[in-house]
């Protein structure tokens, strides 16, 4: 395969918005889902950030990330309460006005009519959308997310992130599809570091990551090989599992998840 | 309490380094631990970033964060393999040379003498420390972390992060100690948004976060109140639990963890 024929690398960043993750009280459940979802369609998440519910922090992060990556996905801060300031902060970042979006108003008016709830001022906050944005449908709780340029703004609840990612996926253009194979072995990574470095230098198109772990009172190493070229991946994999075996690591390939 | 007597706010950022978290394969276990540990000594984590094992990404993040927050804590990328480039990237960020650190060499020489391992070139990588840094002891696997100015560089394995945080904690100066109380209620946040916003505006020194959740097929809301002023916190808490009760949310205080 010539270089010219290779699909380009498409990159993304994830921005998690909310004080709760930063306080340590809540464990984020969205980054892993979004990264796996995007990886499956050939988009590589290259950076993630977690910022608090403060306009300038959100806007600075949005502007830094949308310039550096093909896509940006945000979660959190688009609900009806006083601390939900993501939509306003994204509008501020882009320098565009924000106001009630006719289609969002319609969706929510219908929703509250059907459920018998009152469409209060607070709930109307959820229809405030930056000018020029298109909506991202939310089949779970109706209040939509939105896309502005290459930035996709979603809710924070994992089940809603999942339906929103499904709903927006046909707007994304994937690139080179990365495949990976993982070896777990029970030997410290320093015992295989030199041989592994040699394999890495012989296979520049395969990324080889070495990740130490500690479980069952034993140190071990996970070796993750990734490439868009599956035959090179398999060759490098064979050499890597052989060197881990030679070092006494009893290597096994981890089943794909 | 006059404003002048209040302890200052001390802030921190966490930088998680490694492709694995970004690929979705590995869930980070360090951010929550570090945030809770720091919160307990009066240091508030205000931002977190996850970057891949690339020098410029690491250096850019280190420089952005060390200028914006009192402390920066990094995890990952200080082992013996080819992809462990955190120490070099931090030296690059600070514009200082890097080389074998005498005390780190001594620790590792002794460790491999005791354990019967060979002190290979790859293992010697773990003694490379930026000029001017002081070591952070690692009682689990010996290879030290380091502190350079306000940046603390640690391993990625959670058990090692934990012993390193313990070992470095006497170098940290905490500020205002934040306390928090959490209410869980089974009512959508939009039903209480307006009343909650009113409580927030009456208690500017109490941060009130509203976090929707979905469990047991039911939407609910967690309300987290935080303040350095515990009497204001308790007052705002009483008003908040009353409004959640009035909205039919059957609110309960979540036990402190």
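Protein chains in written order, with the working numbering: chain A, 4 to 260; chain B, 4 to 260.
Note that beta-carbon positions come from the ideal geometry of N, C-alpha and C, so glycine has one too.
Model, not experiment: these values are computed from the prediction.
Item: What do you get for residue 251 of chain B, buried or exposed, if any count of 16 or more other CB atoms within 10 angstroms of its CB means buried?; Value: exposed
Item: I'd like to know if residue 26 of chain B contacts chain A, where contact means its C-beta is closer than 8 Å to some C-beta of that chain.; Value: yes
Item: Check for me: the beta strand (DSSP E) holding residue 156 of chain A runs from which residue to which?; Value: 154–157
Item: For a cutoff of 8 Å on Cβ pairs, would you count residue 199 of chain B as touching chain A?; Value: yes
Item: Give the single residue among B:214, B:168, B:145 and B:108 whose Cα lies nearest to the Cα of residue 195 of chain B.; Value: B:214
Item: How would you write the range of the alpha helix (DSSP H) that residue 161 of chain B sits in, first residue to last?; Value: 161–171
Item: When the Cα of residue 34 of chain A is compared with those of A:174, A:52 and A:72, which residue comes out closest?; Value: A:52
Item: Using a Cβ-Cβ cut-off of 6 Å (strictly less than) and excluding sequence neighbours within five positions of residue 126 of chain A, which residues of its own chain qualify?; Value: 83
Item: Taking the alpha helix (DSSP H) that residue 202 of chain B falls in, what are its first and last residues?; Value: 196–205
Item: Is the segment 113–123 of chain B touching the segment 42–50 of chain B in the sense that three or more CB pairs, one from each, lie closer than 8 Å?; Value: no
Item: List the residues that DSSP assigns as beta-bridge partners of residue 228 of chain A.; Value: A:184 and A:211
Item: Evaluate the contact criterion for the segment 182–191 of chain B versus the segment 96–108 of chain B: three or more CB pairs, one atom per stretch, below 8 Å.; Value: no
Item: Would you mind reading off the limits of the alpha helix (DSSP H) that contains residue 189 of chain A?; Value: No alpha helix (DSSP H) contains residue 189 of chain A, which DSSP labels as neither H nor E.
Item: Among the residues of its own chain, which have a CB less than 6 Å from the CB of residue 66 of chain B, if the five just before and after it don't count?; Value: 96
Item: Taking three-plus beta-carbon pairs below 8 Å as touching, is the segment 198–206 of chain B in contact with the segment 231–240 of chain B?; Value: yes
Item: Since residue 95 of chain B meets chain A, which of its residues come closer than 9 Å, beta carbon to beta carbon?; Value: Ordered by position in chain A, no residue passes the 9 Å Cβ test against residue 95 of chain B, which lies about 18 Å from the chain.
Item: Buried or exposed: which applies to residue 113 of chain A, given that a residue is buried once 16 or more other Cβ atoms fall within 10 Å of its Cβ?; Value: exposed
Item: Contact between the segment 164–177 of chain A and the segment 86–96 of chain A: three or more CB pairs below 8 Å?; Value: no
Item: Would you mind reading off the limits of the beta strand (DSSP E) that contains residue 77 of chain B?; Value: 74–78
Item: Residue 30 of chain A touches chain B at which residues, Cβ-Cβ below 7 Å?; Value: 35
Item: So is residue 144 of chain B in contact with chain A if we call contact Cβ pairs under 8 Å?; Value: yes
Item: Apart from the five residues just before and just after residue 209 of chain B, which ones in its own chain have a Cβ nearer than 6 Å to its Cβ?; Value: 228, 230, 235, 236 and 239
Item: Which term fits residue 249 of chain B, buried or exposed, when burial requires 16 or more other beta carbons within 10 angstroms of its beta carbon?; Value: exposed
Item: Using only alpha-carbon positions, find the residue among A:61, A:62 and A:216 that is nearest to residue 31 of chain B.; Value: A:216
Item: Thinking C-alpha only, which one of B:257, B:183, B:60 and B:168 is nearest residue 224 of chain B?; Value: B:257
Item: Can you give the Cα-Cα distance for residue 167 of chain B and residue 193 of chain B, rounded to whole angstroms?; Value: 43 Å
Item: Cα separation between residue 255 of chain A and residue 243 of chain A?; Value: 11 Å
Item: Cβ atoms of residue 37 of chain A and residue 143 of chain A: under 8 Å apart, would you say?; Value: no
Item: Looking at C-alpha atoms only, which residue of B:149, B:62 and B:246 is the closest neighbour of residue 131 of chain B?; Value: B:149
Item: Just the chain B side, please: which residues come within less than 8 Å of residue 55 of chain A by C-beta, in chain order?; Value: 49 and 50
Item: If we ignore side chains and look at the alpha-carbon of each, how far apart do residue 61 of chain A and residue 233 of chain A end up?; Value: 39 Å
Item: Is residue 14 of chain A close to chain B, meaning its C-beta is less than 8 Å from at least one C-beta of that chain?; Value: no
Item: Any idea if residue 20 of chain B is buried or exposed, counting beta-carbon neighbours within 10 angstroms, 16 or more meaning buried?; Value: buried
Item: Run the CB neighbour count on residue 147 of chain A, radius 10 Å, all protein chains shown included, and call it buried at 16 or more, exposed below.; Value: buried
Item: Suppose the cutoff is 7 Å on Cβ atoms and the five residues either side in sequence are ignored; what does the same chain contact list for residue 136 of chain A look like?; Value: 149, 150 and 151
Item: Alpha carbon to alpha carbon, what distance is there between residue 69 of chain A and residue 153 of chain A?; Value: 7 Å
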